[in-house]
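Enquirer:
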Amino acid sequence: MVRKTPALLPRIVIAACMAMLVNPAAQAQKTTKPKLYGSHWMAVTGKPLAATAGALTFARGGNAVDAACAMLAATSTMWDVLGWGGETQALIFNPNTGEVKGINALGVAPTGATAEYFQQQGMIYPPENGPLAAVTPGTPGGLMVMLAEYGTLSLADVLQPAMQMAKGYPIEQRQADFIERVRDTLAQWPDSARVFLPHLDPNDPTKRAAPAPGEIFQQQDLLNTLQKLVDTETEALAAGKDRKAAIYAAYDRFYRGDIAREIVRSNRESGGLFTMEDLDQWQVYIEDPVSTNYKGIDVYKLTTWVQGPVMLQALNILEDVDLKAMGYNSARYIHWVYQAMNLAFADRDFYYGDPYVPPEEPIQGLLSKKYAAERRALIREDYNNIEVKPGDPYRYQSGKNPFEALREAWTPVPPEAEAIGIDGFQQSGLFDHDEGFIAGTTSIQAADAEGWVVSVTPSGGWIPAFIAGNTGVGLSQRMQSFVLDQRLNPYNVVQPGQRPRATLTPSLALRDGVPMMAFSVQGGDSQDQNLLQFFLNVVEFGMDVQQAAEAANFTSYQMQSSFGAHGAEPGRIEVMPGVPPYTREVLKKKGYQVDVVERTYSPITAIWFDRKHGTMQGGAGDTGDDYGVAW
Numbered sequence: 069m070v071r072k073t074p075a076l077l078p079r080i081v082i083a084a085c086m087a088m089l090v091n092p093a094a095q096a097q098k099t100t101k102p103k104l105y106g107s108h109w110m111a112v113t114g115k116p117l118a119a120t121a122g123a124l125t126f127a128r129g130g131n132a133v134d135a136a137c138a139m140l141a142a143t144s145t146m147w148d149v150l151g152w153g154g155e156t157q158a159l160i161f162n163p164n165t166g167e168v169k170g171i172n173a174l175g176v177a178p179t180g181a182t183a184e185y186f187q188q189q190g191m192i193y194p195p196e197n198g199p200l201a202a203v204t205p206g207t208p209g210g211l212m213v214m215l216a217e218y219g220t221l222s223l224a225d226v227l228q229p230a231m232q233m234a235k236g237y238p239i240e241q242r243q244a245d246f247i248e249r250v251r252d253t254l255a256q257w258p259d260s261a262r263v264f265l266p267h268l269d270p271n272d273p274t275k276r277a278a279p280a281p282g283e284i285f286q287q288q289d290l291l292n293t294l295q296k297l298v299d300t301e302t303e304a305l306a307a308g309k310d311r312k313a314a315i316y317a318a319y320d321r322f323y324r325g326d327i328a329r330e331i332v333r334s335n336r337e338s339g340g341l342f343t344m345e346d347l348d349q350w351q352v353y354i355e356d357p358v359s360t361n362y363k364g365i366d367v368y369k370l371t372t373w374v375q376g377p378v379m380l381q382a383l384n385i386l387e388d389v390d391l392k393a394m395g396y397n398s399a400r401y402i403h404w405v406y407q408a409m410n411l412a413f414a415d416r417d418f419y420y421g422d423p424y425v426p427p428e429e430p431i432q433g434l435l436s437k438k439y440a441a442e443r444r445a446l447i448r449e450d451y452n453n454i455e456v457k458p459g460d461p462y463r464y465q466s467g468k469n470p471f472e473a474l475r476e477a478w479t480p481v482p483p484e485a486e487a488i489g490i491d492g493f494q495q496s497g498l499f500d501h502d503e504g505f506i507a508g509t510t511s512i513q514a515a516d517a518e519g520w521v522v523s524v525t526p527s528g529g530w531i532p533a534f535i536a537g538n539t540g541v542g543l544s545q546r547m548q549s550f551v552l553d554q555r556l557n558p559y560n561v562v563q564p565g566q567r568p569r570a571t572l573t574p575s576l577a578l579r580d581g582v583p584m585m586a587f588s589v590q591g592g593d594s595q596d597q598n599l600l601q602f603f604l605n606v607v608e609f610g611m612d613v614q615q616a617a618e619a620a621n622f623t624s625y626q627m628q629s630s631f632g633a634h635g636a637e638p639g640r641i642e643v644m645p646g647v648p649p650y651t652r653e654v655l656k657k658k659g660y661q662v663d664v665v666e667r668t669y670s671p672i673t674a675i676w677f678d679r680k681h682g683t684m685q686g687g688a689g690d691t692g693d694d695y696g697v698a699w
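Just so you know, the sequence shown maps onto residues 69 to 699 in the working numbering.
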């Protein structure tokens with residue numbers, strides 16, 4: 069019998085063995101997109117044209133807040149998974165005060181929007197689309213408050229690129245083809261059909277109704293609405309008001325004047341619940357964000373009205389674990405990060421809600437390092453726990469858990485809810501479960517040499533949007549993120565005047581009190597999964613901002629979806645083909661259901677601040693059209 073030697077082994081086996089010895093992080097060094105460099109300013113967002121709007125605004129002498137507002141207006145006009153009637157969230161670093169401030173411009177449930185109302189309509193959750201899916205518009209107010217309080221330019225200056233686009237711009241293929249895909253949904257609302265389906269022929273259903281890719285897409289009604297805002301600002305300035313007061317005059321016209329009346333009229337005539345009082349009483353909050361310190365880095369997020377604190381909770385759980393020694397995307401690393409995320413998301417699913425409406429969320433306990441240690445102790449090296457429950461953060465703050473019985477009975481997969489006459493979920497099925505996890509939202513990063521830094525994740529009012537009459541404004545679909553059954557989340561049961569707990573999550577990281585990085589991402593419930601791994605790629609594995617944006621992530625489906633039927637798939641994990649078969653087998657032995665897919669992450673946008681050289685570095689993920697411009 070001849071003894072086999074390495075020289076006789078098939079070359080493919082040798083290559084496979086050698087590949088296992090290579091540090092997986094090295095595989096992330098080559099990038100599809102180049103890293104951006106700038107020293108004066110940087111603008112990064114979801115679409116090239118929108119990044120150009122930011123660049124034009126910087127060229128006018130605007131600061132990073134002005135540029136972020138211009139990009140927000142442009143992305144809303146391009147329907148980059150949001151419209152003008154959606155919602156806006158932002159984190160702003162003010163170099164004059166050294167403070168980070170949050171912008172809360174998420175709409176609220178209107179008058180009459182109660183759990184009982186939706187159950188009487190035969191619903192288990194509020195609907196995904198249409199006039200009943202809408203919370204009050206937030207993006208216009210958020211933009212104008214940011215601009216008035218922290219910007220330098222006029223509303224007319226900032227809206228100019230968006231107004232040029234509303235007049236007509238060449239629509240991109242992805243948007244044009246998606247409009248055609250959802251044409252039947254859009255066709256049920258006359259104003260939406262008029263805007264989105266210019267070639268609709270009732271006598272020929274086979275003819276394309278949507279604009280063709282590259283066709284000039286015109287939105288005259290939206291242009292008229294934006295012109296009204298600019299005209300109101302101009303009149304206020306002419307009357308002697310200062311820049312800030314003139315912008316707030318435009319704000320008043322949108323939420324209390326003729327624009328508001330048309331939004332309310334069209335919404336109610338189509339079966340919605342909006343009232344003039346709902347728009348009048350809604351307000352933008354400038355608030356203090358929450359934060360945690362991870363190995364000397366202060367990471368800032370908005371509080372429990374979005375999912376952002378889950379990343380802070382996960383970082384607290386992982387801080388005392390030697391992730392770097394485990395190796396990038398090793399089986400042990402994936403296991404620990406996955407388990408930490410699931411523990412944090414279980415708390416999100418039960419405890420997060422609108423902090424301006426009772427009951428009060430236990431955010432102090434949730435972000436306690438001692439609470440994180442308690443949660444970390446639940447992680448087992450050899451076992452994927454698919455029965456993760458919310459913890460009891462009240463043990464680490466004052467007060468007693470008012471919903472302890474509900475917490476004990478809580479299950480990762482939502483129980484059957486009761487609804488009068490229900491014969492199935494009312495969701496439209498435009499997205500399957502996976503698409504719902506990674507769809508939606510755009511992201512915006514802006515920074516300037518003066519030190520202003522802005523991170524924004526606007527969303528809502530995406531296609532297929534219900535357009536409110538002749539305003540051209542597509543209303544939000546965020547109502548679906550509420551629950552109707554307190555067994556799921558007693559802090560997020562729909563009621564008039566309450567904000568739904570949304571997925572949107574801008575991020576800022578500071579070291580020694582100065583900005584280190586601004587970053588955010590598209591992707592629904594996957595956002596803070598992506599951002600956690602992006603952050604660890606930079607901090608633990610030394611990747612630059614572009615490498616980290618393109619590095620392969622993994623995705624958990626353990627948490628309850630914030631959209632549609634709110635389903636969950638405990639134990640399921642998606643990885644990319646670059647994760648070796650050996651690693652997948654190890655994960656399977658731990659109890660994971662491993663699916664290999666080509667894409668596990670949404671486009672991240674980020675700016676890194678190189679303090680040594682006084683420059684900025686920008687990155688944008690390679691799975692979408694996200695793009696940056698720098699100078």
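The C-beta atom is built at its ideal place from N, Cα and C for all residues, glycine as well.
1. Based on Cα-Cα distance, which residue from Tyr-650, Ala-181, Ala-118, Val-481 lies nearest to Pro-238?
2. With a cut-off of 8 Å, do at least 3 Cβ pairs link the stretch 229 to 236 to the stretch 567 to 574?
3. Glu-455 lies in the beta strand (DSSP E); which residues open and close that run?
4. What are the boundary residues of the alpha helix (DSSP H) that Met-585 is part of?
5. Mapping DSSP to helix, strand and coil, what is Tyr-669?
6. Whose C-alpha, out of Asp-553, Pro-273, Ala-280, Arg-679, is nearest the C-alpha of Ala-255?
7. So with Cβ pairs under 8 Å, would you call Leu-341 a contact of chain B?
8. Report yes or no: do three or more beta-carbon pairs, one from the stretch 322 to 332 and one from the stretch 132 to 150, lie closer than 8 Å?
9. Taking only the alpha-carbon atoms, compute the straight-line gap between Asp-516 and His-108 and give it to the nearest angstrom.
10. Alpha carbon to alpha carbon, how far is Leu-341 from Thr-691? Give it in angstroms, no decimals.
11. DSSP state of Tyr-650, grouped into three classes?
12. Between the Cα of Glu-666 and those of Phe-622, Val-168, Leu-435, Asp-310, spot the shortest distance and give me the residue it belongs to.
13. Taking Asp-415 as part of the alpha helix (DSSP H), name the residues at either end of that continuous run.
14. If you follow the beta strand (DSSP E) that Ala-698 is part of, which residue opens it and which one closes it?
15. Do you know how far the Cα of Phe-264 is from the Cα of Ser-334?
16. Looking at the structure shown, is Ser-496 part of a helix, part of a strand, or coil, going by DSSP?
17. Determine the direct distance from the alpha carbon of Gln-295 to that of Ala-412, and round the result to whole angstroms.
18. Pro-279: buried (16+ other C-beta within 10 angstroms of its C-beta) or exposed?
19. Using the rule of at least 16 other Cβ atoms within 10 Å of the residue's Cβ for burial, across every protein chain shown, is Gly-682 buried or exposed?
20. Name the residue from Gly-591, Ala-617, Gln-628 whose alpha carbon lies nearest to the alpha carbon of Leu-556.
21. What does the alpha-carbon distance come out to for the pair Tyr-650 and Ile-672?
22. Contact between the stretch 168 to 182 and the stretch 120 to 137 is defined here as three or more beta-carbon pairs at a separation below 8 Å; is this criterion met?
23. Can you pull the DSSP bridge partners for Trp-109?
24. If you scan the stretch 137 to 219 from start to end, which runs of the beta strand (DSSP E) of 3 or more residues do you find wholly inside it?
25. For Ala-586, is the classification buried or exposed, using 16 other Cβ atoms within 10 angstroms of its Cβ as the cut-off for buried?
26. If you count every other CB in all the chains shown that lies within 10 Å of the CB of Glu-715, and 16 or more means buried, which is it?
27. Please list, in chain order, all residues of the same chain as Gly-696 whose beta carbon is under 6 Å from its beta carbon, the five residues on each side excluded.
28. For Asn-164, count neighbouring Cβ atoms within 10 angstroms of its own Cβ and tell me buried if that reaches 16, exposed if not.
29. Flag this pair as touching only if the stretch 147 to 163 and the stretch 185 to 195 have three or more C-beta atom pairs under 8 Å; answer yes or no.
30. Residues in the same chain with beta-carbon distance under 7 Å from Tyr-660, minus the five sequence neighbours each way, listed in chain order, please.
31. Who does Lys-743 pair with in a DSSP beta bridge?
32. Just to confirm my understanding: we take Ser-436, look at its own chain, exclude 5 residues before and 5 after, and list those with CB closer than 6 Å. What are they?
33. Taking the alpha-carbon of Thr-360 as reference, which of Tyr-353, Ile-354, Val-352, Lys-369 has the nearest alpha-carbon?
Expert: Working from what's here:
1. Nearest of Tyr-650, Ala-181, Ala-118, Val-481 to Pro-238, Cα basis: Ala-118.
2. Pairwise C-beta distances place the stretch 229 to 236 out of contact with the stretch 567 to 574, as fewer than three of them are shorter than 8 Å.
3. For Glu-455, no beta strand (DSSP E) segment is defined, and its DSSP state is neither H nor E.
4. Careful: Met-585 lies outside any alpha helix (DSSP H), inside the beta strand (DSSP E) at 582 to 589.
5. Note: Tyr-669 maps to coil in three-state DSSP.
6. Considering only alpha carbons, the answer is Pro-273.
7. In summary, chain B is missing from the structure at hand, where a single protein chain is found.
8. Verdict: no, contact absent.
9. Between the alpha carbons of Asp-516 and His-108 lies a gap of roughly 6 Å.
10. Those two C-alpha atoms are separated by around 38 Å.
11. Secondary structure at Tyr-650: helix, using DSSP grouped into helix, strand and coil.
12. That would be Phe-622, whose Cα lies nearest to the Cα of Glu-666.
13. Segment 399 to 419, the alpha helix (DSSP H) holding Asp-415.
14. In the DSSP assignment, Ala-698 falls within the unbroken beta strand (DSSP E) covering 695 to 698.
15. In a straight line, the C-alpha of Ser-334 is about 17 Å away from that of Phe-264.
16. Residue placement at Ser-496 is poorly supported in this model, since its pLDDT is 40, which falls under 50; the coordinates still yield a value, given next. Three-state result, Ser-496: coil.
17. The C-alpha of Gln-295 is placed about 45 Å away from the C-alpha of Ala-412.
18. Answer is buried; the Cβ neighbour count reaches 16.
19. Result: exposed.
20. Closest by alpha carbon: Gln-628.
21. A direct Cα-Cα distance of roughly 28 Å separates Tyr-650 from Ile-672.
22. The answer is no - the stretch 120 to 137 does not touch the stretch 168 to 182, with fewer than three Cβ pairs under 8 Å.
23. Answer by DSSP bridge pairing, in chain order: Asp-516.
24. Correct list: 156 to 162, 167 to 173.
25. Ala-586 is buried by the Cβ-count criterion.
26. No information on residue 715 is available, as it lies outside the stretch 69 to 699 that the chain covers here.
27. Contacts found: Leu-104, Val-112, Ala-119, Gly-686, Ala-688.
28. Around the C-beta of Asn-164, fewer than 16 other C-beta atoms lie within 10 Å, and the residue is accordingly described as exposed.
29. Judged by Cβ distances under 8 Å, the stretch 147 to 163 makes no contact with the stretch 185 to 195, as fewer than three pairs qualify.
30. Only residues of its own chain outside the window of five on either side were considered, and among them Asn-452, Gly-639, Ile-641 have a CB closer than 7 Å to the CB of Tyr-660, listed in chain order.
31. In this structure the chain extends from 69 to 699, so residue 743 is not present and cannot be described.
32. Closer than 6 Å at Cβ, skipping near neighbours: Tyr-464.
33. The candidate whose alpha carbon is nearest that of Thr-360 is Lys-369.
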